[in-house]
Every structure is written in structure tokens, then in C-alpha cells.
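Below is one structure, written out as C-alpha cells; the observations come after it.
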Amino acid sequence: DTAVSQTPKYLVTQMGNDKSIKCEQNLGHDTMYWYKQDSKKFLKIMFSYNNKELIINETVPNRFSPKSPDKAHLNLHINSLELGDSAVYFCASSQEREQYFGPGTRLTVT
Amino acid sequence: AQSVTQLGSHVSVSEGALVLLRCNYSSSVPPYLFWYVQYPNQGLQLLLKYTTGATLVKGINGFEAEFKKSETSFHLTKPSAHMSDAAEYFCAVKVWGNEKLTFGTGTRLTIIP
């Protein structure tokens, strides 16, 4: 009964490809997030959705597009992948204050 | 805007010794403060949080932290380090009405046998 799950766990792809990462939470939370963790472990928020509405959109390239079909799911689609997109991407969810994180998706662009 | 600063990107302590990881925050309004732990190749796990009330908060695995408003600090401590405590630790801050959680740059804790 995983709280926040992500698929896939690992993703290796070539530059220029388009890929998606899926996230699901079974906590009944209203708010979900995408974070990027770079090679130096720095964590930065990318997007946040509250009940399917976009509420945070940090300075992220337009190639990144989040989609929330319902409040339990938040997917991340990335177009025209670049070497610099290589990172670990974390999904999270929250109801009030603390956030609960998924296991991460390690994206490697070659 | 809120921010956190973690002093020391790497901290090494001997097994059984005191663990002290430092975090200072900046916020124009009362903050909510968190410590997360990340074990290798895993996601982030919430260790403890301060929202309101008691300034000394206890978390999982024997960790605790004290919110000191006068020092704008939220340092993480554990009386006796265990080998299993080796991990990356992140301090984070949030304010009421803003969904954005801002993380520090992390502190890697190494335990020396």
C-alpha cells in the first residue's frame, strides 16, 4: 500500500526524445508536486497542482508539461529531452503542511 | 520569500557520538520547518516538523530539533549516532498560505565505526 508511487524508477533515453513520468498517490491529498534533484542533490520545485489546478509553475522550460487527470495523479511529460534534463525527479503530495515523497525517477539522457 | 541555509555539506561523527546538523532559516512570516532524510537511491522521508506550539519537536529514529526564533535556527540533533543514520539530511521551510516548500542544500552525514 505505497502512499506515493512513481513509474518508471529508471529511465534512460536519447537526446531529442519525448518521455513521461507517472505519479499516483493514495493518501487522498488535494495537492501534488514535481521536484527536480540535480547531481549535487539540490532539490527544486517545478510544479504544484491543487485538485487538478496548477498553482505553482516555477521557471521551468516549456518542454516540461505537467498533467493532472484527477487529484490522485500528476504526470510529467518532457519533450525534446536534453542532456541537462538528467536528474532524479520526485513526485510529492500534501494535504496541509508536510509533504510525502515518492521514491523518485532517475532520468538519464544520453 | 523564505529560504534555509544548512551549514556544512558534509558532517562526520563517530558511532555513539552526538549528531548535530545545523539549519538556519529566513522568513518574513512565521515558518513551518521540516527535516527530511534521504537514504541512498531512495526518496525523502519526513523526520520531524515544527508548525506551532512546542518548540522542541521529536521525530523518528531518535532525532529531535528545536525551533529558536531569536536565532532563526532549527538544528537537528541525536544523542548517539548509529551506523544506520548515514544519509543525506535536508532542512526545509514553508509558510502558511504558500504551497512552496523550500529546501536547503543538504548535509551528508557519515558515521565512523
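These protein sequence lines are chains W and S, in that order. 904 is the number that the working numbering gives to position 4 of the first sequence; each next residue is one higher, with no gaps. 35 is the number that the working numbering gives to position 1 of the second sequence; each next residue is one higher, with no gaps. Every residue gets a Cβ at the ideal spot worked out from N, C-alpha and C, and that includes glycine.
### Task
Compare the beta carbon distance of Tyr70/S and Thr85/S with 7 Å and say whether it is the shorter of the two.
For the purposes of this step, residue 70/S is taken as residue 36 along the second sequence, with counting starting at 1. For the purposes of this step, residue 85/S is taken as residue 51 along the second sequence, with counting starting at 1. Not in contact: Tyr70/S and Thr85/S (Cβ atoms no closer than 7 Å).
### Task
Report the neighbours of Gly140/S on chain W: residues whose CB is nearer than 7 Å to its CB, in chain order.
For the purposes of this step, residue 140/S is taken as residue 106 along the second sequence, with counting starting at 1. Those are Lys941, listed as they occur along chain W.
### Query
Could you give the C-beta distance for Val38/S and Phe137/S, rounded to a whole number, given that I count them as a contact under 8 Å?
For the purposes of this step, residue 38/S is taken as the residue at position 4 of the second sequence. For the purposes of this step, residue 137/S is taken as the residue at position 103 of the second sequence. Between Val38/S and Phe137/S the beta-carbon gap is near 7 Å, inside 8 Å, which marks them as a contact.
### Message
Strictly under 7 Å for the Cβ-Cβ distance: is Ser948/W near chain S by that measure?
### Response
As a working note, residue 948/W is residue 48 in the first sequence. At least one chain S Cβ lies under 7 Å of Ser948/W.
### Query
Hey, quick one: how far does the beta strand (DSSP E) through Gln36/S stretch, first residue to last?
Residue mapping note: residue 36/S aligns to position 2 of the second sequence, counting from 1. Where Gln36/S is concerned, there is no enclosing beta strand (DSSP E), given that its DSSP letter is neither H nor E.
### Message
Here's a check: name, in chain order, each residue in its chain whose Cβ is nearer than 8 Å to the Cβ of Leu927/W, leaving out the five neighbours to either side.
### Response
Position 27 of the first sequence, counting from 1, holds the residue named residue 927/W. Short of 8 Å from the beta carbon of Leu927/W, and not among the five residues preceding or following it, lie these beta carbons of its own chain, in chain order: Ala903, Val904, Ser993, Gln995 and Tyr1000.
### Message
Counting only Cβ pairs nearer than 7 Å, list the residues of chain S close to Phe964/W.
### Response
For the purposes of this step, residue 964/W is taken as residue 64 along the first sequence, with counting starting at 1. The contact set of Phe964/W on chain S, defined by CB atoms closer than 7 Å, is empty, because the minimum CB distance reaches about 17 Å.
### Task
Within 10 angstroms of the Cβ of Ser948/W, are there 16 or more other Cβ atoms? Answer buried if so, exposed if not.
The count along the first sequence starts at 1 and reaches residue 948/W at position 48. Looking at its Cβ environment, which holds 16 or more other Cβ atoms inside 10 Å, Ser948/W is buried.
### Query
Is the CB of Glu153/S under 7 Å away from at least one CB in chain W?
No information on residue 153/S is available, as it lies outside the stretch 35 to 147 that chain S covers here.
### Query
So which residues on chain W does Tyr158/S lean against when the C-beta distance must stay under 9 Å?
With chain S covering only 35 through 147, there is no way to say anything about residue 158/S.
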